[in-house]
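Chemist: Dropping a structure here in structure tokens format, bear with me for questions.
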Amino acid sequence: EDKVVQSPLSLVVHEGDTVTLNCSYEVTNFRSLLWYKQEKKAPTFLFMLTSSGIEKKSGRLSSILDKKELFSILNITATQTGDSAVYLCAATTGTASKLTFGTGTRLQVTL
Amino acid sequence: ETGVTQTPRHLVMGMTNKKSLKCEQHLGHNAMYWYKQSAKKPLELMFVYSLEERVENNSVPSRFSPECPNSSHLFLHLHTLQPEDSALYLCASSQWVQQPQHFGDGTRLSIL
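If you read the sequences in order, they're chains A and B.
Here the first sequence stands for residues 1 to 111, where the numbers follow this note's numbering.
Here the second sequence stands for residues 1001 to 1112, where the numbers follow this note's numbering.
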């Protein structure tokens, strides 16, 4: 059975801290890994990773994939209160349409 | 505004009712999805449509019946639901399957 595990489950940091969120996966015929941010309702897309070792960056957020060790990390530097959200990781597999999500990491950034 | 609109935002229904959830995307995408999000559980993919054809059905009970009349609209017809079906139902779309998905705000469904 395909599985995506995220850690930690929740995290509280102070504004300005740097955080690293983890995502490991065990899936058949892995295709790509995606990160989403879910604040209130609709998850919003952050990154899609398909190649190992190539960092993707968007502002203070960056992510990298390790296909040998089957994990990805999402880094957020200089955190702000607006970064408070649930961060979801998902793996696409096998047939083009299959997508398996982790339970998410709930990040709270305090002043 | 994500370009994916879901109605209603909230729905309370009895176990014997029949209702439908609606999703509309204004992004010109060709693939649409239904997900179920329950508390403390991962997002569960329910159905995938590509070019109006169902390409994935993740062992969803028959009391959930999807319909995709065109590439912009997706429905989820509900009948004789159970209390454990209470959850947030999210619709998403993407240019093609395997592309990043854009989500709607969801319908919060409560079964009495």
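Backbone N, C-alpha and C fix where the C-beta goes; we use that ideal spot for every residue, glycine too.
Bear in mind the structure is a predicted one, so any value in this text is a computation, not a measurement.
(1) With 16 other CB atoms within 10 Å as the buried threshold, where does L65/A fall?
(2) Give the list of continuous alpha helix (DSSP H) stretches no shorter than 4 residues that lie fully inside the region 23-104 of chain A.
(3) Could you name the residues of the same chain whose beta carbon sits closer than 6 Å to that of H1073/B, not counting the 5 residues immediately before and after it, in chain order?
(4) Going along the chain, which unbroken runs of the alpha helix (DSSP H) with 4 or more residues stay wholly within the region 1015-1072 of chain B?
(5) Examine chain A for any beta-carbon lying closer than 8 Å to the beta-carbon of E1056/B, and answer yes or no.
(6) Cutting at 6 Å between CB atoms, please list the residues of its own chain near P1065/B, excluding the five before and the five after it.
(7) Considering only DSSP beta bridges, list what L1090/B is partnered with.
(8) Taking Cβ positions, are G1104/B and V1012/B nearer each other than 8 Å?
(9) Please state if the CB of Q1101/B and the CB of A1087/B are separated by a distance shorter than 8 Å.
(10) Let me see if you follow: with CB-CB separation under 8 Å, is P995/B close to chain A or not?
(11) Using a C-beta to C-beta distance shorter than 8 Å, which residues of chain A count as neighbours of K1040/B?
(12) Measuring only between beta-carbons, confirm whether A42/A sits less than 8 Å from chain B.
(13) In angstroms, rounded to a whole number, what distance separates the CA positions of V1048/B and I73/A?
Modeler: The answer reads as follows:
(1) Walking along the first sequence from the start, residue 65/A turns up at place 65. With 16 or more other Cβ atoms within 10 Å, it is buried.
(2) none
(3) Stepping through the second sequence from its first residue, residue 1073/B is reached at position 73. So the qualifying residues of the chain are E1024.
(4) none
(5) Your numbering for residue 1056/B matches position 56 in the second sequence. Yes - at least one Cβ of chain A is within 8 Å of the one on E1056/B.
(6) Here the question's residue 1065/B lines up with position 65 in the second sequence. Here the sequence assigns Ser to residue 1065/B, which means Pro is not the residue at that position. Cβ neighbours of S1065/B beyond the five flanking positions: H1077.
(7) Counting from one through the second sequence, the residue named residue 1090/B turns up at place 90. Partner(s): Y1035/B.
(8) Numbered from 1 along the second sequence, position 104 holds the residue referred to as residue 1104/B. Numbered from 1 along the second sequence, position 12 holds the residue referred to as residue 1012/B. Cβ atoms of G1104/B and V1012/B: not closer than 8 Å.
(9) As a first step, residue 1087/B must be located in the second sequence, where it is residue number 87. As a first step, residue 1101/B must be located in the second sequence, where it is residue number 101. Against a cut-off of 8 Å, the Cβ pair of Q1101/B and A1087/B comes out as no contact.
(10) Because chain B is modelled from 1001 through 1112, residue 995/B falls outside the range shown and cannot be assessed.
(11) Translated into positions along the second sequence, residue 1040/B becomes position 40. Those within 8 Å of K1040/B in chain A are T103.
(12) Counting from 1 along the first sequence, the entry for residue 42/A is found at position 42. True, the Cβ-Cβ gap to chain B drops below 8 Å.
(13) Counting from 1 along the second sequence, the entry for residue 1048/B is found at position 48. Counting from 1 along the first sequence, the entry for residue 73/A is found at position 73. About 27 Å.
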